[in-house]
Ligand code: GAR
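Residue numbers (our numbering): -11 to 194.
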C-alpha cells in the first residue's frame, strides 16, 4: 500500500518544465510527494496547461491585482493553506517573496536556480555565466531565505558551458539537469531524509 505523500504546492511564472518534471515524478507509485496546487502569477504561463493536463488544480494569482507585495503574498499563502499544502516548490517563479511569507514557510519552501549559487544570483543567471566566461555552471536547489537566492543548499549539479553556447542552448542544458535535480530534491525531503540545522542542509543516507 502506498504511504503518506507530502502535499506540495508549486509556484510558477513560465513554461513550467520543472513543474512537469515534478508532475512526472509524482506519477511514480512510490514517489513520496504529490502536487495538490499550482499557482502562477501570470495567466499566460505554459505551466498552467501542464497542471491542468495532469488534473492538478491550477490557479492564477496575479501580482498586478494587488497593491502591495504583502497583499499578493498573503493571497498566495491563503490559497496554499486552503489546499492543505504542506511544502512549497518555487519552479521558475519570478517574483521576490516578502520576508513574512518566507518566514511562514521556513524550511518548507525550496527554490531551483540556474547557476551554482552563490555564483550568478538574480534573474539572468545563465547570461551572467556566459558573460563571465566560466567553463562550468549548473543548478542549485536551496531552502529559501528572505534575501534573494540565498539559503541552505540542498543539491547542486554541474553543467558544462560549451563552445558556441547561446543563453538558449546553455539554459536548455541546465534545464535538463534541473529536472533531475528538482525531482530528487523533493523526493529526499518528502522521504524525511533532509534536516536543516544552523543554516546547513544535511541528507541522511538511510
Ligand atoms: C528555470 O531554469 C529556473 O531555474 C529559473 O527559471 C527557469 C524556469 O524554467 N528560475 C530562476 O531563474 C529563479 N531565479 P521552467 O519554467 O521551464 O521550469
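Note that the Cβ used here is the ideal one computed from N, Cα and C, for glycine as well.
{"Item": "Any heavy atom of ligand 1 inside 6 Å of the beta-carbon of residue 3?", "Value": "yes"}
{"Item": "Rounded to whole angstroms, what's the CA-CA distance from residue 77 to residue 70? Just pull it up for me.", "Value": "17 Å"}
{"Item": "Under 6 Å: does the beta carbon of residue 39 sit that close to some heavy atom of ligand 1?", "Value": "no"}
{"Item": "CB-CB under 8 Å to residue 61, same chain, minus the five flanking residues each way: which ones, in chain order?", "Value": "85, 86, 88, 89"}
{"Item": "By how many angstroms is the C-alpha of residue 3 removed from the C-alpha of residue 175?", "Value": "22 Å"}
{"Item": "Starting from residue 105, trace the alpha helix (DSSP H) both ways and give me its first and last residue.", "Value": "First-last for residue 105: undefined, no H or E at that position."}
{"Item": "Near residue 102, what residues of its chain come up, given a Cβ to Cβ distance below 6 Å and the 5 sequence neighbours on each side ignored?", "Value": "113, 114, 127, 162"}
{"Item": "In the DSSP assignment, the beta strand (DSSP E) including residue 125 goes from what residue to what residue?", "Value": "124 to 131"}
{"Item": "Leaving out five residues before and five after residue 177 in sequence, what residues of the same chain have Cβ atoms less than 6 Å from its Cβ?", "Value": "none"}
{"Item": "Alpha carbons only, please: which of 107, 158, 57 is nearest the one belonging to residue 29?", "Value": "57"}
{"Item": "Looking at C-alpha atoms only, which residue of 189, 183, 179 is the closest neighbour of residue 20?", "Value": "179"}
{"Item": "Any idea if residue 5 is buried or exposed, counting beta-carbon neighbours within 10 angstroms, 16 or more meaning buried?", "Value": "buried"}
{"Item": "Rounded to whole angstroms, how far is the Cβ of residue 118 from the Cβ of residue 155, which I believe are closer than 8 Å?", "Value": "6 Å"}
{"Item": "Given that a residue counts as buried once 16 or more other Cβ atoms are within 10 Å of its Cβ, and exposed if not, what is residue 135?", "Value": "exposed"}
{"Item": "Assuming residue 49 and residue 26 form a contact by the criterion Cβ under 8 Å, report the distance between their Cβ atoms to the nearest whole angstrom.", "Value": "Actually they do not touch by this definition, with Cβ atoms about 11 Å apart."}
{"Item": "Is there a Cβ of chain D sitting closer than 7 Å to that of residue 70, yes or no?", "Value": "Looking at the structure shown, chain D is missing, and only one protein chain is on hand."}
{"Item": "Beta carbon of residue 167, beta carbon of residue 39: below 7 Å?", "Value": "no"}
{"Item": "Residue 63 to residue 32, Cα distance in whole Å?", "Value": "19 Å"}
{"Item": "Cβ-heavy atom distance between residue 100 and ligand 1 below 6 Å?", "Value": "yes"}
{"Item": "May I ask you to report which of helix, strand or coil DSSP gives residue 121?", "Value": "coil"}
{"Item": "Just to confirm the assignment: which complete alpha helix (DSSP H) runs, minimum length 4, are found wholly within the segment 27 to 79?", "Value": "35 to 41, 57 to 70"}
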